Amino acid sequence: MFNHLIICKWSDAGHTIQSRFFHEASSLTIGKILFTGGDGYDTCATTEFYYPSTGKWTAGTNMKDCRWYHTSTLLKNGNVLIAAGYIDDPEYDKNVTYVLKGAELFNSTTGSWTRTGSLNYERHSHTASILSNGKVLVVGGAACGFLNSAELYDPSTGNWSITNSMNWTRAWHTATTLNNGKILVTGGMSDGVLALKTVELYDPLTEKWKNVSSMIYSRRGHTATLLTNGKVLVIGGEDDTDYSLSSAELFDPSTETWTMTGSMINERAKHTASLLKNGNVLVAGGGTGGGVFPGMGPVNTSGIYDPSTGRWTSTNNMHYTRTWHTASVLENGNVLVVGGNEDDDTSAYTPELYNSSTNTYVRIKDGYERN
Numbered sequence: 001m002f003n004h005l006i007i008c009k010w011s012d013a014g015h016t017i018q019s020r021f022f023h024e025a026s027s028l029t030i031g032k033i034l035f036t037g038g039d040g041y042d043t044c045a046t047t048e049f050y051y052p053s054t055g056k057w058t059a060g061t062n063m064k065d066c067r068w069y070h071t072s073t074l075l076k077n078g079n080v081l082i083a084a085g086y087i088d089d090p091e092y093d094k095n096v097t098y099v100l101k102g103a104e105l106f107n108s109t110t111g112s113w114t115r116t117g118s119l120n121y122e123r124h125s126h127t128a129s130i131l132s133n134g135k136v137l138v139v140g141g142a143a144c145g146f147l148n149s150a151e152l153y154d155p156s157t158g159n160w161s162i163t164n165s166m167n168w169t170r171a172w173h174t175a176t177t178l179n180n181g182k183i184l185v186t187g188g189m190s191d192g193v194l195a196l197k198t199v200e201l202y203d204p205l206t207e208k209w210k211n212v213s214s215m216i217y218s219r220r221g222h223t224a225t226l227l228t229n230g231k232v233l234v235i236g237g238e239d240d241t242d243y244s245l246s247s248a249e250l251f252d253p254s255t256e257t258w259t260m261t262g263s264m265i266n267e268r269a270k271h272t273a274s275l276l277k278n279g280n281v282l283v284a285g286g287g288t289g290g291g292v293f294p295g296m297g298p299v300n301t302s303g304i305y306d307p308s309t310g311r312w313t314s315t316n317n318m319h320y321t322r323t324w325h326t327a328s329v330l331e332n333g334n335v336l337v338v339g340g341n342e343d344d345d346t347s348a349y350t351p352e353l354y355n356s357s358t359n360t361y362v363r364i365k366d367g368y369e370r371n
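Residue numbers (the UniProt record's numbering): 1 to 371.
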């Protein structure tokens, strides 16, 4: 059936055409943001675009397959690779979940979708990283169990090839491209382990994995952000006791070691972390309490990390609580937050715009257009 504080404020950014969470967002090179899939049978194949220059939303062409927990990767040619994910199908059996290995390409010039080569393994909750050679590294995830397999997509051929497996099975981990081109994989959930603290480095030149120093805290559902100084900031998540964290730590690629930095004011998991143009990091939303999968208690709190001081300050709260959402940094430095799971376990229609320069509420004209 399926192919395998600074006192910064938030403003209303109109309404998305579809409510969505567990979706993906990719900032295209042609001045718009592509949103794909998400939870719900009526939503999971849909796509839409946000135009920062006008504040308008438009509906896009549906993907070939429904999917959420997928990845969305902007290729060097400007197209977008959508890989794997899963869906449950109410037309047949609501209790059956289909894990996908199919992949498809969005053509940013024509706006159309085409199938490309399928992955070698079905997977969801994996990561996808663009390498300096233009290939895409997909790592880990889950199907009927957790995976340590990794594979490479070659845009020039549309084919996938197996590369060396990680040393640990993991899903809901992070993968961060370092300035030296290596991929840092941290934490996640594994067989019999609620949260990992293990860390691995992938070298694209040798296609080999190397264990490096473990994080200080075990984490799943956390974020990892490459800072302008080349270090990686890991924030929040849930630990191996199933509770959300406020702690943060830094990975130094030059020593391959971890150090603690200032803790957030609020604990959270399945939040977003966005590198702002001034080098600070904006953290928004997420959930607190035990159990990240999927509907922990969403929050609307937000904070900013200053790498120069290692300290956090609060911003104004978002208008809506949300977790499993996306955050996209716009060319003007603002941040668009979209979707997520709200307090009543419904997905959010209303996006929000964080203004990083004026620190004021600037209401964006509501409305959207359908193609």
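Note that beta-carbon positions come from the ideal geometry of N, C-alpha and C, so glycine has one too. A quick note: this is a predicted structure, and the numbers were derived from the prediction, not measured.
Give me, in chain order, the residues of the same chain whose beta-carbon lies closer than 8 Å to that of residue i; leave out the 5 immediate sequence neighbours on both sides.
| i | result |
| --- | --- |
| residue 155 | 75, 76, 77, 79, 81, 134, 135, 136 |
| residue 307 | 227, 228, 229, 231, 233, 279, 280, 281 |
| residue 62 | 45, 46, 47, 113 |
| residue 143 | 99, 121, 122, 123, 124 |
Going by C-alpha to C-alpha distance, which of the options sits closest to residue i?
| i | options | result |
| --- | --- | --- |
| residue 217 | 199, 208, 207, 102 | 199 |
| residue 183 | 225, 146, 195, 144 | 225 |
| residue 239 | 233, 255, 231, 267 | 267 |
| residue 141 | 213, 132, 165 | 165 |
| residue 84 | 61, 116, 55 | 116 |
| residue 249 | 242, 43, 241, 264 | 264 |
| residue 70 | 37, 52, 43, 98 | 37 |
| residue 60 | 54, 53, 43 | 43 |
| residue 66 | 342, 34, 99, 297 | 99 |
| residue 192 | 241, 270, 237 | 241 |
| residue 178 | 272, 204, 52 | 204 |
| residue 146 | 153, 163, 195 | 195 |
| residue 163 | 169, 34, 170, 153 | 153 |
| residue 342 | 39, 35, 34 | 39 |
| residue 68 | 22, 337, 170, 169 | 22 |
Tell me which residue opens and which closes the beta strand (DSSP E) that residue i is part of.
| i | result |
| --- | --- |
| residue 303 | 302-306 |
| residue 252 | 248-252 |
| residue 260 | 257-261 |
| residue 128 | 127-130 |
| residue 159 | 159-163 |
| residue 311 | 311-314 |
| residue 22 | Residue 22 -> no beta strand (DSSP E), and no H or E assigned at all. |
| residue 209 | 208-212 |
| residue 154 | 150-154 |
| residue 168 | Element bounds for residue 168: n/a, residue is neither H nor E. |
| residue 183 | 183-186 |
| residue 199 | 199-203 |
| residue 59 | 56-59 |
| residue 385 | Lying outside 1 to 371, the shown extent of the chain, residue 385 is not represented and no answer is given. |
| residue 336 | 335-338 |
| residue 355 | 352-355 |
Just how far apart, CA to CA, sit residue i and residue j?
| i | j | result |
| --- | --- | --- |
| residue 47 | residue 24 | 10 Å |
| residue 355 | residue 27 | 18 Å |
| residue 148 | residue 302 | 33 Å |
| residue 316 | residue 284 | 10 Å |
| residue 339 | residue 324 | 8 Å |
| residue 286 | residue 176 | 20 Å |
| residue 220 | residue 189 | 6 Å |
| residue 197 | residue 131 | 24 Å |
| residue 214 | residue 185 | 11 Å |
| residue 246 | residue 332 | 29 Å |
| residue 151 | residue 167 | 14 Å |
| residue 206 | residue 181 | 12 Å |
| residue 57 | residue 327 | 16 Å |
| residue 158 | residue 73 | 14 Å |
| residue 298 | residue 272 | 12 Å |
| residue 236 | residue 29 | 31 Å |
| residue 262 | residue 223 | 15 Å |
| residue 357 | residue 311 | 20 Å |
| residue 87 | residue 64 | 13 Å |
| residue 49 | residue 309 | 37 Å |
| residue 212 | residue 254 | 12 Å |
| residue 337 | residue 34 | 13 Å |
| residue 171 | residue 53 | 36 Å |
Going along the chain, which residues of its own chain have a beta-carbon closer than 6 Å to the beta-carbon of residue i, five neighbours each way excluded?
| i | result |
| --- | --- |
| residue 329 | 274, 335 |
| residue 252 | 231 |
| residue 210 | 201 |
| residue 51 | 32 |
| residue 208 | 164 |
| residue 20 | 38, 43, 339, 347 |
Within its chain, find whatever has a CB closer than 7 Å to the CB of residue i; leave out the 5 residues flanking it on each side and keep chain order.
| i | result |
| --- | --- |
| residue 139 | 126, 127, 150, 166, 175, 185 |
| residue 270 | 221, 286, 287, 292, 323, 324 |
| residue 173 | 127, 140, 185, 186, 187, 188 |
Under 9 Å between C-beta atoms, does residue i make it to chain D?
| i | result |
| --- | --- |
| residue 218 | Looking at the structure shown, chain D is missing, and only one protein chain is on hand. |
How do the segment 108-116 and the segment 124-134 stand: do at least 3 beta-carbon pairs fall below 8 Å, yes or no?
-> Cβ pair count under 8 Å is below three, so no.
Taking three-plus beta-carbon pairs below 8 Å as touching, is the segment 251-261 in contact with the segment 277-289?
-> no
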